[in-house]
Ligand code: AMP
Ligand code: FES
Ligand code: ZN
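Residue numbers (the working numbering): 1 to 300.
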């Protein structure tokens, strides 16, 4: 197998792109996928202050590495969720990566907020993954808004995005379909959110980490085994295997031709108001995190 670009022996085959690459050409290929996503969707420019949500896993570390390589002004935010089986490892990888790559890292400790997820899990009346996801989004947004960041970037990749899209389509979830995409503009008190890795598969981000020498943590969440997205990820992986390129065509097609049909139907923006207690945008009187704090007996 030879590199499609320079013809020396290849180290990675990418059937989805009808290509194979040596190390250097793969890194160039990955860089271009990220540059293309940023430019095509006007995610940010050299003037922006970008907050990267860093979990310590391969995607967010690959993203931070690539944005730093491209010369963007980035800082990281890690949320220590307080899950004994996985959080210490995730935090350690995030801290080590940022220290060695010269990226400033902010850490928010959920235990210090009275919201350690192992405790929340015991008391919450909803599935823990949904409470945890809501809490992460709250702190990402709050930290970005309060600290002068103009954009919040997450490491969601093509597999995350296509599995979510398929799940939303299977439920015809119009509200989610109307605003699923690689960019959410700043609005109603929410920071602008972007997903610069949306063109890269999980396999490609793993290769990027390996070939760029990024040491990432693998500490799966002990609570998330019942999440539904893995089912859709596996279905799409099988489809991709038989028809290379399906995933990106599915997603690109949705953005170009599908999403417009749903936009008019999503009405939730009109209902958003600041939380009466903390000012965070919410469609209820008090936001979910303030109500969670009540449940956990956290004094304001
Ligand atoms: P996940 O929902 O776990 O697939 O994560 C999607 C993206 O959210 C990651 O690529 C990160 O950018 C971000 N993220 C997830 N968990 C954390 C965390 N504990 N701290 C900071 N960012 C996170
Ligand atoms: Fe939040 Fe698993 S990471 S519940
Ligand atoms: Zn609130």
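By construction, the Cβ of each residue, glycine as well, lies at the ideal position given by its N, Cα and C atoms.
Fair warning: this is a prediction, and the values are worked out from it, not measured in the lab.
Could you tell me the distance, in whole angstroms, from the CA atom of residue i to the CA atom of residue j?
| i | j | result |
| --- | --- | --- |
| residue 63 | residue 100 | 15 Å |
| residue 55 | residue 61 | 8 Å |
| residue 191 | residue 90 | 25 Å |
| residue 295 | residue 119 | 11 Å |
| residue 195 | residue 183 | 7 Å |
| residue 193 | residue 185 | 7 Å |
| residue 181 | residue 102 | 30 Å |
| residue 198 | residue 21 | 20 Å |
| residue 170 | residue 254 | 14 Å |
| residue 1 | residue 8 | 9 Å |
| residue 201 | residue 245 | 11 Å |
| residue 25 | residue 123 | 50 Å |
| residue 105 | residue 216 | 16 Å |
| residue 160 | residue 5 | 29 Å |
| residue 230 | residue 33 | 24 Å |
| residue 108 | residue 287 | 19 Å |
| residue 239 | residue 114 | 44 Å |
| residue 13 | residue 125 | 46 Å |
| residue 112 | residue 177 | 35 Å |
| residue 282 | residue 293 | 15 Å |
| residue 237 | residue 222 | 23 Å |
| residue 87 | residue 110 | 10 Å |
| residue 303 | residue 28 | This structure gives no information on residue 303, because the portion of the chain shown stretches from 1 to 300. |
| residue 277 | residue 299 | 12 Å |
| residue 243 | residue 127 | 35 Å |
| residue 19 | residue 214 | 23 Å |
| residue 187 | residue 168 | 23 Å |
| residue 132 | residue 297 | 17 Å |
| residue 44 | residue 271 | 28 Å |
| residue 235 | residue 3 | 29 Å |
| residue 35 | residue 74 | 15 Å |
Closest to residue i by CA distance: which of the options is it?
| i | options | result |
| --- | --- | --- |
| residue 284 | 292, 294, 278, 273 | 273 |
| residue 260 | 223, 174, 289, 237 | 174 |
| residue 219 | 57, 114, 130, 25 | 57 |
| residue 30 | 110, 158, 254 | 158 |
| residue 85 | 279, 127, 116, 6 | 116 |
| residue 204 | 299, 11, 1 | 11 |
| residue 241 | 211, 17, 3 | 17 |
| residue 155 | 233, 19, 298, 76 | 76 |
| residue 146 | 66, 280, 210 | 280 |
| residue 129 | 39, 256, 211, 224 | 224 |
| residue 189 | 243, 144, 43, 88 | 144 |
| residue 142 | 257, 221, 53, 19 | 53 |
| residue 275 | 290, 262, 263 | 290 |
| residue 37 | 278, 214, 66, 207 | 66 |
| residue 207 | 35, 40, 41, 59 | 59 |
| residue 172 | 41, 127, 258 | 258 |
| residue 40 | 234, 256, 232, 233 | 256 |
| residue 263 | 127, 45, 179, 15 | 179 |
| residue 212 | 15, 23, 234 | 23 |
Do residue i and the ligand FES come close, with the Cβ less than 8 Å from some heavy atom?
| i | result |
| --- | --- |
| residue 115 | no |
Please enumerate, following chain order, all residues with a beta carbon closer than 5 Å to at least one heavy atom belonging to the ligand AMP. 53, 55, 59, 60, 78, 79, 154, 155
Mind the definition here: the segment 161-175 touches the segment 63-70 only if three or more C-beta pairs lie below 8 Å; say whether that holds. no
Listed by chain order, which residues have C-beta atoms less than 6 Å from any heavy atom of the ligand ZN? 275, 277, 278, 280, 286, 287, 289, 290
Indicate whether the contact test is met: 3 or more Cβ pairs, each with one atom in the segment 149-159 and one in the segment 33-50, closer than 8 Å. These segments touch.
Across the segment 93-112 and the segment 248-258, are there enough close Cβ pairs to call them in contact, namely three or more that are closer than 8 Å? no
Taking one C-beta from the segment 127-147 and one from the segment 77-88 each time, how about it: are there three or more such pairs within less than 8 Å? yes
Residues with a Cβ closer than 5 Å to any heavy atom of the ligand FES, in chain order? For the ligand FES, the selected residues are 128, 129, 132, 221, 223, 224.
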